[in-house]
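Peer 1:
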Amino acid sequence: MSAEVEFVELPTKADVAQRAAERLVAELIPLTASENVAHVALTGGSLGIATLEAIADLPERADVAWSRVHLWWSDERFVPRFDAERNSRQARVALLDALDLPDVNVHEPWATEDGTLDDAARAYADELAAHAAEGAQAPAFDVCLLGMGPDAHVASLFPGRDEVHVTGATVLPVRNSPKPPPERVTFTLPVINASARVWLVVSGADKAEAVAQVRSGADASDAPAAAVRGTAETVMFVARDAL
């Protein structure tokens, strides 16, 4: 596990999205150049989606063998499938619909039409397990892209809640989320921290306190974002207005 968080300071939110997009494409080109399969966990939020929009505009994205890329979501809002609030729906509009991606490579959590919230969490855990290496419960993601809230939450792991401390599961149902919508599914910290590269994309003056908590190594109960670490690297791409 990487011991330190690398902070990459950039002038604006747009620069954060651009840098993260360029880094992700640069990672995926060699990863998919052979017969290797790459697993990437995406995120929602305005900056997560802006990053996908930036990838869509990169000429270099044509050099990625997208048929070897599997896309997942570290969390998803439990709403109807075509609801504009779904992270996966926003991702399709921003980038995925323009890619040559087999449907089986796009791993969307269940929507409300598919079953209950508990069913959705179990189904996503089962899907992770089906793509895991022998003896593992989930893929080791090549890149896990995360946003961060003003309260230092990541995925749907919120400060002061039990989900932050769960280690015996890969996916959890979330009820009464402090941020709407109230029902979600989320990866647990062990799944995030098994990723080779964990990248956070952050902007906005309202995130400054959360950035400071990550810098100071705050407790996970107070700042879940401070507890994320990739096995190879942990990077926060952060706009100056969040510092």
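My numbering applies: residue 2 is where the sequence shown begins, and numbers increase by one.
Heads up, the beta-carbon is just placed ideally off N, CA and C, and yes, glycines get one too.
Computed from a predicted model, the values in this text were never measured in an experiment.
Is VAL80 near LEU29, with beta carbons less than 8 angstroms apart?
Peer 2: no
Peer 1: Would you kindly report the start and end of the unbroken beta strand (DSSP E) that includes ARG185?
Peer 2: Boundaries of the beta strand (DSSP E) around ARG185: 185-188.
Peer 1: In chain order, what residues of the same chain have a beta carbon less than 7 angstroms from the beta carbon of MET149, not counting five sequence neighbours either side?
Peer 2: VAL155, LEU201, VAL203, LYS208, ALA211 and ALA226
Peer 1: Is the separation between the beta-carbon of ILE92 and that of LEU43 shorter than 8 angstroms?
Peer 2: The question names Ile, but residue 92 in the sequence shown is Ala. In this structure, LEU43 lies closer than 8 angstroms to ALA92 by Cβ.
Peer 1: Which stretch, first to last residue, makes up the alpha helix (DSSP H) that contains ALA27?
Peer 2: 14-32
Peer 1: Along the chain, where does the alpha helix (DSSP H) that runs through LEU129 open and close?
Peer 2: That run of the alpha helix (DSSP H) goes 118-131.
Peer 1: Who does HIS71 pair with in a DSSP beta bridge?
Peer 2: The bridge partners DSSP lists for HIS71 are HIS40.
Peer 1: For ALA130 and VAL41, what's the separation of their Cα atoms in angstroms?
Peer 2: 15 angstroms
Peer 1: Does DSSP put ASP245 in a helix, in a strand, or in coil?
Peer 2: Nothing about residue 245 can be read from this structure; the chain reaches only from 2 to 244.
Peer 1: Look at the alpha carbon of ALA124 and the alpha carbon of ALA55, and state the distance between them as a whole number of angstroms.
Peer 2: 31 angstroms
Peer 1: Span of the alpha helix (DSSP H) holding ARG216?
Peer 2: 209-217
Peer 1: CB ALA126 to CB ALA170, shorter than 8 angstroms?
Peer 2: yes
Peer 1: Taking only the alpha-carbon atoms, compute the straight-line gap between ALA224 and GLU86 and give it to the nearest angstrom.
Peer 2: 24 angstroms
Peer 1: Does the separation of the CB atoms of SER157 and VAL144 fall below 8 angstroms?
Peer 2: No, they are not a contact pair.
Peer 1: Between the Cα of LEU32 and those of ARG62, ALA133 and ALA137, spot the shortest distance and give me the residue it belongs to.
Peer 2: When the alpha-carbon of LEU32 is set against those of ARG62, ALA133 and ALA137, the nearest one is in ARG62.
Peer 1: Determine the DSSP secondary structure at ASP76, reduced to helix, strand or coil.
Peer 2: strand
Peer 1: Work out the CA separation of SER222 and VAL215 for me, nearest whole Å.
Peer 2: 12 angstroms
Peer 1: Let me confirm a value: ARG198 is counted as buried when at least 16 other C-beta atoms fall within 10 Å, else exposed. Which label applies?
Peer 2: Flag for ARG198 reads buried.
Peer 1: Buried or exposed for SER217, going by 16 or more other Cβ atoms inside 10 Å?
Peer 2: Taking every protein chain shown into account, the CB of SER217 has fewer than 16 other CB atoms within 10 angstroms, so this residue is exposed.
Peer 1: In the structure shown, what three-state DSSP assignment does THR235 receive?
Peer 2: strand
Peer 1: When burial is assigned at 16 or more other CB atoms within 10 Å of the CB, is ASP163 buried or exposed?
Peer 2: exposed
Peer 1: VAL175 bridges to which residues according to DSSP?
Peer 2: ARG185
Peer 1: Is the distance from the Cβ of ALA240 to the Cβ of VAL6 below 8 angstroms?
Peer 2: no
Peer 1: Tell me the rounded alpha-carbon separation between ALA206 and VAL165.
Peer 2: For ALA206 and VAL165, the distance between alpha carbons rounds to 25 angstroms.
Peer 1: DSSP three-state call for VAL297: helix, strand or coil?
Peer 2: Missing from the structure shown is residue 297; the chain here goes from 2 to 244 and no further.
Peer 1: With H, G and I counted as helix, E and B as strand and the rest as coil, what does DSSP make of LEU147?
Peer 2: strand
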